[in-house]
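J.: Here you go, one structure.
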Amino acid sequence: MSLLSSSRTSFQEAPWQLWTAQLTAFVQSEVKRIFLKRRSVWIYLVAFAPVAILMLKGPTNGRDLEATTKQMAWLFQVYYLHVAIFIGCLGVFTWLFRGEIVEKTLHYHFLAPMRREFLVLGKFLAGMVTTSVIFALGVFGTFSLLYAHDGAIGRAFVLNGPGLGHLAAYLGVTVLACIGYGSIFIALSLLIRNPILPAIFVLVWENFHSVLPALLQKFSIMFYLKQLSPVSVPAEGFWALFSVGSEPVPPWLAVPGLLALCAAILVFACFRIRKVEISYLAD
Amino acid sequence: MTMENNQIVFEDVSKFYGEVLGVNRVNLALPSGITSLVGPNGSGKTTLMNLITGLIKPTQGRVRVLGLTPNHPEQFFRRVGYCTQFDSFPKGITGQKLTKEAIDRVNMGEASSRRIAAYSKGMRQRIRLAQAIAHHPTVLVLDEPLNGLDPMARAESIALFQALGQDGMHLIISSHVLHEVDKISDQVVLMSYGYVVAEGEIHGVRSEVKEHPMQILVRCTRPNLVASRLFCQDHVVEAKLQVDGKGLLVRTQNADQFYLLLNRIVLENEIAVEAVAPADDDVNSLYQYLIGGSSSGGTV
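Protein chains in written order, with our numbering: chain A, -16 to 266; chain B, 3 to 302.
Okay, here's the thing in structure tokens:
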């Protein structure tokens, strides 16, 4: 009982206003930095590559709505989830701390009167906002162009049919993917000096999680994301490896499950940053 | 307020980088005023500074700064500022944005709106110093703060350090410009190979170095008479007449007895004394006696 009351007291006495102000200011400056830096150009290219291709390609004659829906599902699951968002998050989130170490500027953050946990949270939120906006815009552009090419039928599908629901689901899954992969990569960057090898392991784990036992599948971001996608990609041939083979999980469980997994990873990252030392020469 | 709450305290602190020794079994209690860390490259000065500010953690022991630890950065870094040696800044930042208040104090007002990337080395050094003092810390840790400064900026910085030290701040400074450190330090910590070789007020540390007799320069009339009287004493090891015939350099193992004797000789023989000054109780001499080798050219 005394532990509970002391916890309540320390919670009430915590400087929430200061913490909120610090976190807000930090996230704002980080978001600006990530959006504007030259290093982010390739992420824009990866996110908007399908949009550019669709714009160049123009409308396809004689295609039905079902083919468009399948094409969107394939583009989203295979290109965006497995490739674009994965490597985009890898590039952004691993560089959040590694970049500061390489540029020898991390000590400025460590010498500020701000808890190190807020550095993790702030950088994570900034990375999440940036990647979510960039990839959501890419997905939105792809979706819009694909259905725009179908003319009146496409517009009717989006505006009067289930199209808007699909779009909302795609955008939601995009944000969740950025949260999921972001949490993994920010934790990896604090744990391992060169996160490329672990990133390859994560890539293999995420892409081939369906061959794992049911319990282990739940430790995959892709497991939850596939469940939430509005249209499933047919598991045929080689792509069968990328399809979920376990019991489906309802969205009300998949979303909190994914967020809980990410929260656990972030808590680990917060503990980890307390032990991080500045040793630029060793890096 | 307890004593520890007003000091920077190292309690049996060791730091190892893998198998490489950073510092070993350091026990220090640094009061307010200017403390200089002196020692050759790799002696552990920057390690001590990084330990004070929590940029690295001790392998063993504990460090407390005014009773605080870096585990509570909200309180700790309101009272501690650190001007590191790292010549790097977050990209795209201007001097003005990095620190607003302290810019005038380091005489960087005109350049503050320019990007730091375009600053000279000396300007970058001064803006780092401004960044470290911007929040009016109680403890200021300065790693080689005079590096890259021209003579004018160096003199201004030293004057600033002295002013801050007189305000009751704790200043921990490492510098390779020994005579300047000597001028401004209230106490020194001499380091070698990760060990604290000596610490304390410079003159006190000097008097503890028994194997090297104190050198005292006496500028006076009739120095040969003074020298002959001094030679009778056991504690006087050497008395060397100055080339101009207006003084002598004495090496003695007991400075107190020497001063008493000198007073007597001067009064008895009506000798006019122009100056009496210790010749080797500076940081440079201490460095040479305790650590060995020449200080010139190396970073200490």
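Here a beta-carbon is modelled for each residue, glycine too, at the ideal position from N, C-alpha and C.
Spatial neighbours of D188 (chain B) within its chain, please: CB distance less than 6 Å, with the 5 preceding and 5 following residues excluded, ordered by chain position.
T.: G35 and I36
J.: Which whole runs of the alpha helix (DSSP H) in the segment 46 to 73 of chain A are 4 residues long or more, in chain order?
T.: 48 to 57
J.: Whose CA, out of B:D284, B:A274, B:T96 and B:P147, lies closest to the CA of D184 (chain B)?
T.: B:D284
J.: What residues of chain A sit near I273 (chain B), judged by a beta carbon separation below 7 Å?
T.: Residues of chain A passing the Cβ test: none, with the nearest at roughly 57 Å.
J.: Given that a residue counts as buried once 16 or more other Cβ atoms are within 10 Å of its Cβ, and exposed if not, what is L39 (chain A)?
T.: exposed
J.: According to a CB-to-CB cut-off of less than 8 Å, which residues of the segment 89 to 108 of chain A neighbour chain B?
T.: H90, Y91, F93, L94, A95, P96, M97, R98 and R99
J.: Starting from S194 (chain B), follow the beta strand (DSSP E) in both directions and report where the run begins and ends.
T.: Q189 to S194
J.: What residue does the beta strand (DSSP E) around C291 (chain A) start on, and which one ends it?
T.: Since the displayed chain A opens at -16 and closes at 266, residue 291 (chain A) lies outside it and no answer follows.
J.: Cα separation between G124 (chain B) and N149 (chain B)?
T.: Their Cα atoms are separated by approximately 8 Å.
J.: Applying the 10 Å Cβ sphere with the 16-neighbour rule, what's the burial state of M111 (chain A)?
T.: Label assigned to M111 (chain A): buried.
J.: Can you grab the Cα-Cα spacing for the pair L39 (chain B) / S176 (chain B), in whole Å?
T.: Rounded to the nearest angstrom, the gap between the Cα atoms of L39 (chain B) and S176 (chain B) is 5 Å.
J.: Please look up how many angstroms separate the CB atoms of F76 (chain A) and S172 (chain A), rounded, as I've assumed it's under 8 Å.
T.: Taking 8 Å as the upper bound for CB-CB distance, F76 (chain A) and S172 (chain A) are in contact here, some 7 Å apart.
J.: Can you give the beta carbon distance from T88 (chain A) to S90 (chain B), rounded, assuming they're within the 8 Å contact cut?
T.: The pair is a contact, with the Cβ atoms about 6 Å apart (cut-off 8 Å).
J.: Compare the C-beta of E13 (chain A) with all C-beta atoms of chain B and state if any pair is closer than 7 Å.
T.: Not an interface residue.
J.: So, for A56 (chain A): in the same chain, excluding its five sequence neighbours on each side, which residues have a beta-carbon less than 6 Å away from its beta-carbon?
T.: V214 and V216
J.: Mapping the DSSP letters down to three states, classify S90 (chain B) as helix, strand or coil.
T.: Three-state result, S90 (chain B): coil.
J.: Going by beta carbon distance, what residues of the same chain come within less than 7 Å of A(-3) (chain A), once the five residues before and after it are set aside?
T.: Excluding sequence positions up to five before and after A(-3) (chain A), its CB lies less than 7 Å from no other CB in the same chain.
J.: Which stretch, first to last residue, makes up the alpha helix (DSSP H) that contains V214 (chain A)?
T.: Element bounds for V214 (chain A): n/a, residue is neither H nor E.
J.: So which residues of chain B does K87 (chain A) contact, with C-beta pairs closer than 7 Å?
T.: F88 and S90
J.: Between which two residues does the beta strand (DSSP E) holding K47 (chain B) run?
T.: Per DSSP, K47 (chain B) belongs to no beta strand (DSSP E); it is in the alpha helix (DSSP H), K47 to T55.
J.: At a Cβ threshold of 7 Å, is M110 (chain B) touching chain A?
T.: no
J.: Suppose contacts are defined by Cβ-Cβ distances below 7 Å. Is R221 (chain B) in contact with E276 (chain B) by that definition?
T.: yes
J.: The ligand ZN and L50 (chain B): does any heavy atom of the ligand fall closer than 6 Å to the residue's C-beta?
T.: The ligand ZN is absent from the structure shown, which contains no ligand whatsoever.
J.: Alpha carbon to alpha carbon, how far is R208 (chain B) from W(-1) (chain A)? Give it in angstroms, no decimals.
T.: 52 Å
J.: Roughly how many angstroms separate the alpha carbons of A30 (chain A) and G83 (chain B), rounded to a whole number?
T.: So the two alpha carbons sit approximately 42 Å from each other.
J.: I'd like to check one pair, V198 (chain B) with M51 (chain B): are the Cβ atoms closer than 7 Å?
T.: No. Outside cutoff.
J.: Would you mind stating whether P233 (chain A) and L211 (chain A) have Cβ atoms separated by less than 7 Å?
T.: no
J.: Of all the residues that make up the segment 235 to 263 of chain A, which are near chain B by a beta-carbon distance shorter than 8 Å?
T.: R257, K258, E260, I261, S262 and Y263
J.: So, does the segment 127 to 138 of chain B touch the segment 155 to 174 of chain B, judging by three or more C-beta pairs under 8 Å?
T.: yes
J.: Alpha carbon to alpha carbon, what distance is there between F18 (chain A) and E203 (chain B)?
T.: 53 Å
J.: Go ahead and label S(-11) (chain A) buried or exposed: buried means 16 or more other beta carbons lie within 10 angstroms of its beta carbon, across all protein chains shown.
T.: It counts as exposed.
J.: Going by other Cβ atoms of all chains shown within 10 Å of its Cβ, with 16 needed for buried, is P196 (chain A) buried or exposed?
T.: So P196 (chain A) counts as exposed.
J.: Taking C-alpha atoms, which residue in B:P280, B:A281 and B:D14 lies nearest to G63 (chain B)?
T.: B:D14
J.: Suppose you measure from the CA of L227 (chain B) to the CA of A157 (chain B); what does that come to, to the nearest Å?
T.: 42 Å
J.: Rounded to the nearest angstrom, what separates P96 (chain A) and P75 (chain B) at their Cα positions?
T.: Distance between the alpha carbons of P96 (chain A) and P75 (chain B): 5 Å.
J.: Just to confirm before moving on: does the CB-CB distance between N26 (chain B) and G247 (chain B) stay below 7 Å?
T.: no
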